[in-house]
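The next block holds one structure in the form of structure tokens; read it before the comments.
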Ligand SMILES: Cc1cc2nc3c(=O)[nH]c(=O)nc-3n(C[C@H](O)[C@H](O)[C@H](O)COP(=O)(O)OP(=O)(O)OC[C@H]3O[C@@H](n4cnc5c(N)ncnc54)[C@H](O)[C@@H]3O)c2cc1C
């Protein structure tokens with residue numbers, strides 16, 4: 015099986031600092047693989063292991079700053095066979111429409127494929143739409159909220175999907191090719207050892223530009239023109255100031271006063 | 006400007022219909038897709054100009070209904086499409102947007118029209134760490150809007166108008182997915198998820214549990230406290246998803262529910278923004294965590310550093326004896 019994982023590289027939000035005026039200081043934030051995309055990668059690698067000769071290719075699209083050797087190794091050490099990146103200044107601010115067009119072009123250039131796996135949503139915008147847009151660009155069906163799957167083997171060719179929707183658990187019998195997005199509980203990302211990290215250094219990585227993909231950015235932006243969007247600003251909303259009265263349970267007096275104050279708040 | 010509303014429930018549909026009007030839509034058509042042969046009663050009784058209903062044939066997932074709604078949706082020439090944040094509808098309407106070279110904007114925190122076909126929208130960034138303000142324009146815009154967004158715009162709850170019935174109900178015809186469209190899917194089983202029973206949105210007091218609850222048995226401590234207070238029981242995403250100790254509808258946050266209780270008591274919760282965004286409009290926040298540096302303490306009214314296995318029983322007991330004292 016040829017499995018594609020679409021993975022987004024985002025800022026590590028643990029290191030984004032908020033200034034007092036509500037603006038964001040991202041200067042200390044590293045580029046990391048978006049959290050839930052690692053679950054998607056792990057799930058894809060586990061699925062590939064069920065079918066001899068399967069390959070897992072990770073695709074990512076972003077600004078040139080997302081590329082560094084640590085990130086490459088982090089992705090490839092997790093069992094992916096290959097990493098393909100599209101790095102372009104213009105890609106930095108792309109929405110799901112543009113990103114999916116680029117991913118579709120990368121997939122087409124690469125060749126045959128059976129399954130595209132996306133994470134539940136990216137840590138930054140969490141719009142959960144790249145899978146949907148990508149399916150439209152590839153002209154396939156797409157299903158989200160996948161929590162488990164069963165592969166009956168290449169002969170059978172059917173992938174059974176278990177999904178968790180708001181009000182029901184649904185099992186689908188599907189034929190490939192297909193785009194899916196998976197919930198984080200489908201698989202827990204592995205902890206990589208030194209051996210995997212060293213091996214990762216030898217795996218193939220290719221870096222493409224929009225021009226090499228014959229991707230006409232102006233065209234993408236124009237056709238994305240049904241709804242154009244511009245970022246006005248990014249800022250932390252003013253938060254309600256809260257008293258943060260603190261106690262320690264280690265002292266019985268602290269626990270007692272805490273309970274009394276809690277009772278008063280509860281009324 | 007005409008608008009299309011995709012919803013699964015009366016209350017969300019009512020809010021989106023009201024929202025479409027706030028945004029300047031001259032007409033609103035409610036689209037309901039389900040397995041029933043005809044439109045549900047709640048839909049007919051909403052104040053939509055028109056109602057369109059699609060009955061899914063047995064075994065067809067809702068996501069495969071794109072072909073069935075495409076011709077209708079394009080024929081409507083809607084300038085605005087609003088959808089409630091349900092998994093399947095986001096996929097379907099996102100697909101519709103893609104067909105019109107557009108995309109669905111999600112996690113909208115506020116939305117207003119700034120002119121004909123132009124909008125200003127706030128969308129969550131990093132789970133609510135920040136907000137991005139976007140200016141959008143074009144012949145058609147697609148937004149996924151959750152409960153409360155339009156209500157906070159009008160400052161008053163959006164109510165159902167039971168008197169106005171949809172003038173007409175259009176039955177849409179099921180169209181099989183195009184043959185060129187690759188991949189097939191059939192529903193082979195569907196099991197309803199039992200609801201937790203309480204409507205959290207109605208709970209004045211909510212007790213939230215996080216991963217600080219190491220064993221399922223420990224949840225009894227939270228249940229006892231909730232029972233004492235008549236409070237609703239909620240959780241962080243990992244407890245619903247990874248542990249499966251709670252139902253999906255009980256987890257709060259950016260990808261779960263957003264509540265506005267009078268008091269929120271969070272125990273064993275670190276306080277990541279993705280969770281806090283679901284409760285940060287609570288009247289008061291009380292936090293229990295054994296790590297004094299837990300981020301939740303920076304955003305609480307009252308906090309205690311301690312083991313929840315010690316604090317929760319003490320709190321339940323204090324509240325119970327307080328209740329008897331007051332007699
Ligand atoms: C895109 C995205 C979307 C997400 N959406 C959501 C969402 O909607 N809702 C959500 O909740 N999360 C969401 N998350 C996950 C979120 O980032 C956090 O991982 C999650 O909220 C943490 O849950 P927690 O506080 O229960 O667990 P942890 O972060 O593990 O915190 C457990 C806390 O319990 C404390 N503790 C441990 N033992 C005890 C004890 N005995 N007594 C007292 N305290 C104890 C610890 O000190 C710790 O602070 C999302 C993440 C991403 C990336």
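Residue numbers (this note's numbering), protein chains in the order written: chain A, 15 to 281; chain B, 6 to 332.
The beta carbon of each residue, even a glycine, is placed where N, CA and C say it ideally should be.
Report the residue from the options whose alpha carbon sits nearest the alpha carbon of residue i.
i                     : options                    : result
residue 193 (chain B) : A:15, A:172, A:134         : A:172
residue 82 (chain B)  : B:186, B:287, B:122        : B:122
residue 57 (chain B)  : B:80, B:66, B:64           : B:80
residue 256 (chain A) : B:111, B:13, B:23, B:268   : B:268
residue 51 (chain A)  : A:32, A:39, A:23           : A:23
residue 54 (chain B)  : B:285, B:35, B:198, B:39   : B:35
residue 222 (chain A) : A:40, A:98, A:103, A:30    : A:98
residue 293 (chain B) : B:311, B:252, B:303        : B:311
residue 122 (chain A) : A:148, A:134, A:25, A:33   : A:148
residue 91 (chain B)  : A:144, A:261, A:182, A:45  : A:182
residue 104 (chain B) : B:199, B:114, B:71, B:130  : B:71
residue 58 (chain A)  : A:258, A:163, A:207        : A:163
residue 193 (chain A) : A:158, A:100, A:206        : A:158
residue 180 (chain A) : B:253, B:60, B:321         : B:253
residue 143 (chain A) : B:114, B:100, B:177        : B:100
residue 197 (chain B) : A:208, A:219, A:185        : A:185
residue 273 (chain A) : B:325, B:66, B:141, B:288  : B:325
residue 82 (chain A)  : A:258, A:220, A:71         : A:220
residue 208 (chain A) : A:84, A:129, A:201         : A:84
residue 380 (chain B) : A:258, A:271, A:270, A:269 : Beyond the ends of chain B as shown, which are 6 and 332, falls residue 380 (chain B); an answer cannot be given.
residue 107 (chain B) : A:254, A:242, A:248, A:250 : A:242
residue 119 (chain B) : B:30, B:13, B:135, B:239   : B:30
residue 45 (chain B)  : B:176, B:6, B:84           : B:176
In whole angstroms, what is the alpha-carbon distance linking residue i and residue j?
i                     : j                     : result
residue 211 (chain A) : residue 95 (chain B)  : 38 Å
residue 245 (chain A) : residue 228 (chain B) : 44 Å
residue 275 (chain A) : residue 252 (chain A) : 26 Å
residue 166 (chain A) : residue 68 (chain A)  : 14 Å
residue 264 (chain A) : residue 278 (chain A) : 21 Å
residue 323 (chain B) : residue 116 (chain A) : 60 Å
residue 275 (chain B) : residue 241 (chain B) : 10 Å
residue 333 (chain B) : residue 150 (chain B) : Because chain B here runs from 6 to 332, residue 333 (chain B) falls outside it and cannot be looked at.
residue 168 (chain B) : residue 112 (chain B) : The predicted position of residue 168 (chain B) is uncertain, since its pLDDT is 48 and thus under 50; a value taken from the coordinates is nonetheless stated next. Straight-line Cα distance between these residues: approximately 32 Å.
residue 237 (chain B) : residue 213 (chain B) : 8 Å
residue 271 (chain B) : residue 97 (chain B)  : 36 Å
residue 144 (chain B) : residue 102 (chain B) : 12 Å
residue 37 (chain A)  : residue 137 (chain B) : 11 Å
residue 8 (chain B)   : residue 19 (chain A)  : 36 Å
residue 160 (chain A) : residue 133 (chain A) : 10 Å
residue 225 (chain B) : residue 127 (chain B) : 39 Å
residue 332 (chain B) : residue 319 (chain B) : For residue 332 (chain B), the pLDDT reaches just 48, beneath the cut-off of 50, and the residue's location in the model is therefore unreliable, although a value from the coordinates is still provided. Each residue's alpha carbon lies about 20 Å from the other.
residue 15 (chain A)  : residue 132 (chain B) : 34 Å
residue 305 (chain B) : residue 41 (chain B)  : 46 Å
residue 268 (chain A) : residue 290 (chain B) : 18 Å
residue 231 (chain B) : residue 66 (chain A)  : 52 Å
residue 28 (chain A)  : residue 286 (chain B) : 23 Å
residue 15 (chain B)  : residue 52 (chain B)  : 11 Å
residue 73 (chain A)  : residue 23 (chain B)  : 41 Å
residue 26 (chain A)  : residue 277 (chain B) : 13 Å
residue 50 (chain B)  : residue 88 (chain B)  : 19 Å
residue 250 (chain A) : residue 288 (chain B) : 20 Å
residue 178 (chain B) : residue 11 (chain B)  : 17 Å
If you measure between the beta carbons of residue i and residue j, is that distance less than 9 Å?
i                     : j                     : result
residue 246 (chain B) : residue 198 (chain A) : yes
residue 234 (chain B) : residue 210 (chain B) : yes
residue 213 (chain A) : residue 90 (chain A)  : yes
residue 27 (chain B)  : residue 155 (chain B) : yes
residue 273 (chain B) : residue 217 (chain B) : yes
residue 314 (chain B) : residue 260 (chain A) : no
residue 215 (chain A) : residue 87 (chain A)  : yes
residue 30 (chain A)  : residue 131 (chain A) : no
residue 280 (chain B) : residue 264 (chain B) : no
residue 47 (chain A)  : residue 21 (chain A)  : yes
residue 65 (chain B)  : residue 219 (chain B) : no
residue 217 (chain A) : residue 118 (chain A) : no
residue 68 (chain B)  : residue 32 (chain B)  : no
Cβ of residue i within 8 Å of any heavy atom in ligand 2?
i                     : result
residue 128 (chain B) : As presented, the structure is devoid of ligand 2, carrying ligand 1 as its sole ligands.
Original post:
Do the segment 171 to 186 of chain A and the segment 139 to 154 of chain A make contact, defined as three or more Cβ pairs closer than 8 Å?
Top reply: no
**OP:** Please determine if the segment 98 to 114 of chain A and the segment 55 to 66 of chain A are in contact, where contact requires at least 3 C-beta pairs separated by less than 8 Å.
**Re:** no
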